[in-house]
């Protein structure tokens, strides 16, 4: 199957994938960046701050993102607020609502940030979590959100290889900022192709909850974790099924992707998951809002119809285009959700909402006959969290 542009994006942590978009095309011979240092390990501790979570715990960050004009395009920018708030606690589960708004508290225009999203986070320790460091920390004492903090600054400069300059400042003791591991500020400056751009988050305020009572666990309508989806891959003589699972533990989003085991309960093992700090998920979503067009240009003029997947009928847009490399003509078809937040997609992971629901590439033979070269299709989704309680 011929790969789509940036095929690696859907299979790596969101924050890292979006940071690479600006520079990846110019690194085919030289690589993306110097070899990363050995990962550090977040070891199990007797007590996690997540185990002391209370309804009402919250942090709010101001954010901004901008991307310079590309050839034939225009510059884009965005400003607003992002708030993470604990809305329910039933240990070992903590439900965190993630909401992006403008500075007046109203919904944002970019579709990807227009509605709140929810993730159930496991508060206890199921395994150590390894995270790659940005470099050696330097101590500082900034005043942020009206308070002086003992903090550490981390920085990684990949601009010599068309990568980003990444700076993060964390409180030495996260305290009330445990939702984002103590993040005080995050700044990313992109470099690739000499197109300026970047994003920034800065802590605006925080509050500690006071409620000892917890409401019932909210429904996972727009989940960032606690969910899975299955795709059928048409490549080679035998189709295969792949399951993608999303979980969260102690401030990290976890993602696994593996061949579907029809005899096993969904998503019971995150031992090999790709961990991504929640604050990096936020910076990735902010950057995506200005760097990635939605709907894709090819889908905007597509034909309206209905996409069906195991009991779901989803309003969709299907677009076709012809590609010709001089010797072979191909027809590429892509189907996207007309509204990625449609109620017909309730429970579907965010990642799958903004990918093609179905895609295929067909080779045009002599006489006009089409021969399938490859494709993929969303076949089902659901919540694994209910079975884990």
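Numbering (mature numbering (1 follows the signal peptide of the UniProt record, and there is no 0)), first residue to last: -22 to -1, 1 to 367. Backbone N, C-alpha and C define an ideal beta-carbon position, used for all residues, glycine too.
Report the three-state DSSP secondary structure of residue 263 (helix, strand or coil). helix
Quick check on residue 325: does DSSP put it in helix, strand or coil? coil
Would you call the CB atoms of residue 348 and residue 340 closer than 7 Å? For residue 348 and residue 340, yes; Cβs fall inside 7 Å.
How about residue 37 and residue 112: do their beta carbons lie closer than 7 Å? Not closer than 7 Å, so no.
For a quick check, are the C-beta atoms of residue 257 and residue 352 less than 7 Å apart? With a cutoff of 7 Å on beta-carbon distance, residue 257 and residue 352 are scored as not near each other.
Just tell me which of 285, 301, 295, 304 has its CA closest to the CA of residue 357. 285
What are the start and end residues of each continuous beta strand (DSSP E) run of 3 or more residues lying completely inside the region 130 to 191, in chain order? Counting only runs of 3 or more, we get 143 to 149, 161 to 168, 175 to 185.
Flag this pair as touching only if the region 180 to 197 and the region 214 to 232 have three or more C-beta atom pairs under 8 Å; answer yes or no. no
DSSP puts residue 61 in a beta bridge; with which residues? 38, 77
Starting from residue 276, follow the alpha helix (DSSP H) in both directions and report where the run begins and ends. Residue 276 -> alpha helix (DSSP H) spans 275 to 278.
Just mark residue 119 as buried or exposed, buried being the case when its beta carbon has 16 or more other beta carbons within 10 Å. exposed
Leaving out the 5 sequence neighbours to the left and right, which residues in its chain are closer than 7 Å to residue 350 when beta-carbon positions are compared? 212, 338, 340
Kindly identify the DSSP beta-bridge partner or partners of residue 354. Paired residues: 211, 337.
Rounded to whole angstroms, how far is the Cβ of residue 232 from the Cβ of residue 251, which I believe are closer than 8 Å? 4 Å
When we look at the beta-carbon of residue 150 and count the other beta-carbons within 10 Å, is it buried (16 or more) or exposed? Exposed, by the Cβ-count rule.
According to DSSP, is residue 362 part of a helix, a strand, or is it coil? Residue state, collapsed to three classes: coil.
Taking three-plus beta-carbon pairs below 8 Å as touching, is the region 325 to 337 in contact with the region 309 to 316? Yes, the region 325 to 337 is in contact with the region 309 to 316.
Ends of the beta strand (DSSP E) at residue 295? 290 to 302
Does residue 270 come within less than 7 Å of chain D when only Cβ atoms are used? No chain D is present in this structure, which holds just one protein chain.
Taking the runs of the beta strand (DSSP E) that are 3 residues or longer, which of them lie wholly in the region 80 to 129? 95 to 100, 107 to 109, 116 to 118
Can you tell which of 317, 66, 234, 71 has its C-alpha closest to the C-alpha of residue 282? Restricting attention to 317, 66, 234, 71, the CA atom closest to the CA of residue 282 is found in 317.
Sufficient close CB pairs (3 or more, under 8 Å) joining the region 58 to 75 to the region 33 to 49: Yes: at least three Cβ pairs fall under 8 Å.
Cross-strand partners of residue 234 (DSSP beta bridge): 223
Residue 6, DSSP secondary structure in three states: Low confidence applies to residue 6: its pLDDT is 33, below 50, so where it sits in the model is not reliable, and the reading given next is rough at best. In the structure shown, residue 6 sits in coil (DSSP, three-state: anything other than H, G, I, E or B).
Rounded C-beta distance between residue 162 and residue 126? I'm assuming under 8 Å. That pair is no contact at about 11 Å.
Which of the three DSSP states is assigned to residue 28 in this structure? helix
For residue 243, does the three-state DSSP call read helix, strand or coil? coil
What three-state label does DSSP hand residue 345 in the structure shown? helix
Apply the 10 Å Cβ neighbour rule to residue 188 and answer buried if 16 or more other Cβ atoms are within range, or exposed otherwise. exposed
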